[in-house]
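To start, the structure under review is shown below, and the notes come after it.
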Amino acid sequence: MLVAQDSECLLRDEPVSALDIAHQIEVLPLVRILSVERGLGVVVVLHDVNMAARFCDNLLALKGGRLLASGTPADLMRGETLGAIYGIPMGTVPHPHGGSPIGFAH
């Protein structure tokens, strides 16, 4: 991943939206590495809540342009919270390899 400027913050809007899952799993860890190695603050817009929960330290959930929920992935990855965010019945299951739960639609 090329970072041309020496800034303190990295903003990424949908950096993996056109990528298959294999490439998503390559790109998102690179963003985390940049954050740690360069001490960057990172703001990433993702629509895949499971990827967000897997790779982000804190999540903000917006609905209708308003902040609906915020917190750690463990805070937001609950069926009732996801249901409020998406407006449909949602549930979660434990990730088979640890980490944040996986969200799914009923």
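In this note's numbering, the protein residues as written are 380 to 485. Heads up, the beta-carbon is just placed ideally off N, CA and C, and yes, glycines get one too.
A residue is called buried once 16 or more other Cβ atoms fall within 10 Å of its Cβ, and valine 423 is buried on that count. By the neighbour-count criterion, in which 16 or more other beta carbons inside 10 Å mark a residue as buried, arginine 433 falls on the buried side. Under the DSSP assignment, alanine 448 falls outside any alpha helix (DSSP H), being part of the beta strand (DSSP E) whose first and last residues are 445-450.
Out of Ser449, His485 and Gly444, the CA that lies nearest to the CA of leucine 438 is found in Ser449.
For the 8 Å CB-CB criterion, isoleucine 467 and alanine 440 do not form a contact.
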